[in-house]
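Colleague:
Residue numbers (my numbering), protein chains in the order written: chain S, -11 to 309; chain V, 18 to 268.
#1: Skipping 5 residues on each side, what residues in its chain have a beta carbon closer than 7 Å to that of residue 157 (chain S)?
#2: Would you give the residue range spanned by the alpha helix (DSSP H) that residue 79 (chain V) belongs to?
#3: So what's residue 273 (chain S) in DSSP terms, helix, strand or just coil?
#4: Could you tell me the distance, in whole angstroms, from the CA atom of residue 272 (chain S) to the CA atom of residue 278 (chain S)?
#5: Residue 224 (chain S) to residue 153 (chain S), Cα distance in whole Å?
#6: At a Cβ cut of 8 Å, what residues of the stretch 120 to 142 of chain V count as close to chain S, listed as they run along the chain?
#7: Tell me whether residue 338 (chain S) sits in a helix, a strand or coil according to DSSP, three-state version.
#8: Around the Cβ of residue 35 (chain V), are there at least 16 other Cβ atoms within 10 angstroms (buried) or fewer (exposed)?
#9: Which residues, in order along the stretch 203 to 217 of chain S, keep a beta-carbon less than 9 Å from a beta-carbon of chain V?
#10: For residue 111 (chain V), I'd like the list of residues in its chain whose CB is within less than 7 Å of its CB, leaving aside the five on either flank, ordered along the chain.
#11: Residue 264 (chain S) and residue 246 (chain S): beta carbons closer than 8 Å?
#12: Restricting to Cα atoms, I'd like to know which of V:32, V:48, V:253 is closest to residue 299 (chain V).
#13: Could you give the distance in angstroms between the alpha-carbon of residue 223 (chain V) and the alpha-carbon of residue 66 (chain S)?
#14: Taking C-alpha atoms, which residue in S:32, S:120, S:268 lies nearest to residue 44 (chain S)?
#15: Run through the stretch 194 to 226 of chain V for me and flag every whole alpha helix (DSSP H) of 4 or more residues, listed as ranges in chain order.
#16: So which residues of chain V does residue 255 (chain S) contact, with C-beta pairs closer than 7 Å?
#17: Output the boundary residues of the alpha helix (DSSP H) element that contains residue 95 (chain S).
#18: Taking the Cβ atom as the reference point for each residue, do residue 260 (chain V) and residue 193 (chain V) lie within a distance shorter than 8 Å?
#19: Does the beta carbon of residue 178 (chain V) come closer than 8 Å to any beta carbon on chain S?
#20: Enumerate in chain order the residues of its own chain whose CB-to-CB distance from residue 23 (chain V) is below 7 Å, with the five nearest sequence positions on each side excluded.
#21: Closer than 7 Å by beta-carbon distance: list the chain S residues that pair up with residue 94 (chain V), in chain order.
#22: By DSSP, does residue 102 (chain V) sit in helix, in strand, or in coil?
#23: Under three-state DSSP, which class holds residue 176 (chain S)?
#24: At the level of alpha carbons, what is the spacing between residue 267 (chain V) and residue 61 (chain V)?
#25: In this structure, what does DSSP give as the bridge partners for residue 249 (chain V)?
#26: Hey, does residue 176 (chain S) have any beta-carbon neighbour from chain V nearer than 8 Å?
#27: Locate the beta strand (DSSP E) running through residue 45 (chain V), then write down its first and last residues.
#28: Taking 8 Å as the CB-CB cut-off, is residue 5 (chain S) touching chain V?
#29: Would you call the stretch 206 to 219 of chain S and the stretch 55 to 63 of chain S in contact, with 3 or more CB pairs under 8 Å?
#30: Please go through the same chain and pick out, in chain order, the residues whose beta-carbon is closer than 7 Å to the beta-carbon of residue 72 (chain V), but skip the five residues on each side of it.
#31: Can you confirm whether the stretch 93 to 103 of chain S touches the stretch 199 to 215 of chain S when touching is taken to mean that 3 or more C-beta pairs between the two stretches lie within less than 8 Å?
#32: With contact counted as at least three CB pairs below 8 Å, one residue from each stretch, are the stretch 4 to 24 of chain S and the stretch 132 to 142 of chain S in contact?
#33: Check whether the Cβ atoms of residue 54 (chain S) and residue 170 (chain S) sit closer than 8 Å, and answer yes or no.
#34: Which residues, taken in chain order from the stretch 212 to 230 of chain V, show a beta carbon closer than 8 Å to some beta carbon of chain S?
#35: How would you call residue 164 (chain S), buried or exposed, if buried means at least 16 neighbouring beta carbons within 10 angstroms?
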């Protein structure tokens, strides 16, 4: 009996996307150490952590949206727009605290618009956020006026240069976000309801779950995550660019799906999505280290995405037949 | 003998219109404690409408509902559920992506005590024990409480839905076409479960089409036709006279 139980839990472990990803990451890191002498050192790891910081924050919200059965294409534009607003606030003479609050409020407003349209008006999330993605990108160009905005205080830029116990500050923010929300989404009675909503909206409604409120909230959280990422971005780059965040949505959604989220909802964890982000970043890092041209990154990332989904499809088939 | 006691649920003069369409016209309905009642009628007879009014999905245009002798008005399905009326739909309203525990506690998962309560952390151990108690009481055999319910057979899934009802102490269970997707053996297993529900003091309203199955499980049948109640039959057993009378009422 005990052995059956042990085998069952082992089987379950092998089925867990998080475990599979961790093993994959280990194998890739090992291969990278052999392929390039520059891979296994503190400097390179710091670079990777900084590279994944922004996406790490955004996947927190995106995972909630995806688990709840939605999608948010507007995260990149929200990131760009909030970054521009932040830079403009500095330009207008506001100090860091006020400027950050303005950027975050801007994020909340964008999230509220997405959430209202999707949860309460009932427009398809793909279409709604495709629309807001276009609108906020355009608004970013208008606000930025076509040039990078570089009037950023040195003290604000210093944050991105700092570290906590050797971990870059940028990543500390990401790390806190994923640890807190990974626990909440997995184990908190409120946040767990996203799995019910994503599993079956109708059943969730019948079970007395406030489906609309939860959906609304997930888009607000996602937009706030994008705004936080915008703050990190401006601190790191010392500028807001009109094209900041361009393509972020596709990279973040890819990472979440690689990490075990399903676009039909009800599946995925924040830890999994984070491992998806790391996997994509690691691959890009290795491609650079071994001297493959940056143009090839998309080919490899795309193939990984399809491979991840393919493995799901094959597993699902086995379950059905 | 069931007729001697007061009904647990009594509806009088229920009417419901959808535009010009009359769904229900002055329908009276009563359900006795601990009774298995079949609600019969052709397509469009008004069975679904009546059941939806009972489960609080929409209010009647006229008429009164008395539950446990007290007049009530349901504003939402949730309110009806809180007052002890649970509907088990054809799709069972299960969450295929989630495990047995999550399904039994759907939307009402229990948090730990102390610090865990402050953080709203779910108490898996407690929920496991409670689920196990209920499932064992009903004689339902499930090998893994942590497997997503999509991995289970139709009969097992139905057992889980019923266990959920029992666990939450619902007094009235409405089942819409519960045998539609089941084979003969699974249907018989379901009937055992329905009898178990009765043993636990629950009243069951069954919407069914198969009259042989109605005779097998139900104790009384109410027949609707074009939005009106046309007859009632106390089912004495599996005999031809019963069958013929129900058919006559349906025609």
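In this text, a Cβ means the ideal position worked out from N, Cα and C, and glycines have one as well. These numbers were taken from a predicted model, which means no experiment stands behind them.
Modeller: In this structure, then:
#1: Position 169 of the first chain, counting from 1, holds the residue named residue 157 (chain S). Within the same chain, residue 157 (chain S) has close Cβ partners 147, 148, 150, 151.
#2: Within the second chain, the letter at position 62 stands for residue 79 (chain V). Run containing residue 79 (chain V): none in the alpha helix (DSSP H); it sits in the beta strand (DSSP E), 79 to 84.
#3: Counting from one through the first chain, the residue named residue 273 (chain S) turns up at place 285. Residue state for residue 273 (chain S) is assigned as helix, using DSSP reduced to three classes.
#4: Position 284 of the first chain, counting from 1, holds the residue named residue 272 (chain S). Position 290 of the first chain, counting from 1, holds the residue named residue 278 (chain S). Going by the C-alpha atoms only, they are around 10 Å apart.
#5: Position 236 of the first chain, counted from the start, is the residue given in the question as residue 224 (chain S). Position 165 of the first chain, counted from the start, is the residue given in the question as residue 153 (chain S). Those two C-alpha atoms are separated by around 19 Å.
#6: Listed by position along the chain: 123, 124, 125, 126, 127, 128, 136, 137, 138, 139.
#7: The structure shown does not extend to residue 338 (chain S), since chain S spans only -11 to 309, so no value can be given for it.
#8: In the second chain, counting from the first residue as 1, residue 35 (chain V) sits at position 18. Exposed, since its Cβ has fewer than 16 Cβ neighbours within 10 Å.
#9: Residues: none.
#10: Position 94 of the second chain, counted from the first residue, corresponds to residue 111 (chain V). Closer than 7 Å at the Cβ level, and outside the excluded window around residue 111 (chain V), lie 120, 166, 174, 177, 178.
#11: Taking the first chain and counting its residues from 1, the one referred to as residue 264 (chain S) is at position 276. Taking the first chain and counting its residues from 1, the one referred to as residue 246 (chain S) is at position 258. Closer than 8 Å, so yes.
#12: With chain V covering 18 to 268 only, the question about residue 299 (chain V) has no answer from this structure.
#13: Against the second chain, residue 223 (chain V) aligns to sequence position 206. Against the first chain, residue 66 (chain S) aligns to sequence position 78. Looking at the two C-alpha atoms, the distance is approximately 52 Å.
#14: One-based indexing of the first chain puts residue 44 (chain S) at position 56. The shortest C-alpha separation from residue 44 (chain S) is found at S:268.
#15: The stretch 194 to 226 of chain V contains, as complete alpha helix (DSSP H) runs of 4+ residues, the segments 201 to 216 (chain order).
#16: Position 267 of the first chain, counting from 1, holds the residue named residue 255 (chain S). One finds 114 in chain V with Cβ atoms closer than 7 Å to the Cβ of residue 255 (chain S), taken in chain order.
#17: Translated into the one-based positions of the first chain, residue 95 (chain S) becomes position 107. For residue 95 (chain S), the enclosing alpha helix (DSSP H) starts and ends at 84 to 103.
#18: By one-based count along the second chain, residue 260 (chain V) stands at place 243. By one-based count along the second chain, residue 193 (chain V) stands at place 176. Their beta carbons are not under 8 Å apart, which means residue 260 (chain V) does not touch residue 193 (chain V) by this criterion.
#19: Translated into positions along the second chain, residue 178 (chain V) becomes position 161. The beta-carbon of residue 178 (chain V) is placed no less than 8 Å from the nearest beta-carbon of chain S.
#20: If you number the second chain from 1, residue 23 (chain V) lands on position 6. Cβ neighbours of residue 23 (chain V) within its own chain (closer than 7 Å, five residues either side excluded): 86.
#21: Translated into the one-based positions of the second chain, residue 94 (chain V) becomes position 77. Near residue 94 (chain V) (Cβ distances below 7 Å), the residues of chain S are 194.
#22: Numbered from 1 along the second chain, position 85 holds the residue referred to as residue 102 (chain V). Note: residue 102 (chain V) maps to strand in three-state DSSP.
#23: Stepping through the first chain from its first residue, residue 176 (chain S) is reached at position 188. Secondary structure at residue 176 (chain S): strand, using DSSP grouped into helix, strand and coil.
#24: Working through the second chain from its first residue, we reach residue 267 (chain V) at position 250. Working through the second chain from its first residue, we reach residue 61 (chain V) at position 44. Cα atoms of residue 267 (chain V) and residue 61 (chain V): separation of roughly 12 Å, rounded to the nearest angstrom.
#25: Here residue 249 (chain V) is taken as the residue at index 232 of the second chain, counted from 1. According to DSSP, residue 249 (chain V) bridges with V:239.
#26: Indexing the first chain from 1 puts residue 176 (chain S) at position 188. Yes - at least one Cβ of chain V is within 8 Å of the one on residue 176 (chain S).
#27: In the second chain, counting from the first residue as 1, residue 45 (chain V) sits at position 28. Unbroken beta strand (DSSP E) run through residue 45 (chain V): 38 to 48.
#28: The sequence position of residue 5 (chain S) within the first chain is 17, counting from 1. No, residue 5 (chain S) lies away from the interface with chain V (no Cβ there is under 8 Å from its Cβ).
#29: These segments touch.
#30: In the second chain, residue 72 (chain V) corresponds to position 55, counting from 1. 94, 97, 102, 104, 191, listed in sequence order.
#31: The stretch 199 to 215 of chain S makes contact with the stretch 93 to 103 of chain S: 3 or more CB pairs, one atom from each, lie closer than 8 Å.
#32: With the cut-off at 8 Å, the stretch 4 to 24 of chain S and the stretch 132 to 142 of chain S do not touch.
#33: On the first chain, position 66 is the one that residue 54 (chain S) refers to. On the first chain, position 182 is the one that residue 170 (chain S) refers to. The answer is no: Cβ separation not under 8 Å.
#34: Within the stretch 212 to 230 of chain V, no residue qualifies.
#35: To locate residue 164 (chain S), count along the first chain from 1; it is residue 176. Under this definition residue 164 (chain S) is an exposed residue.
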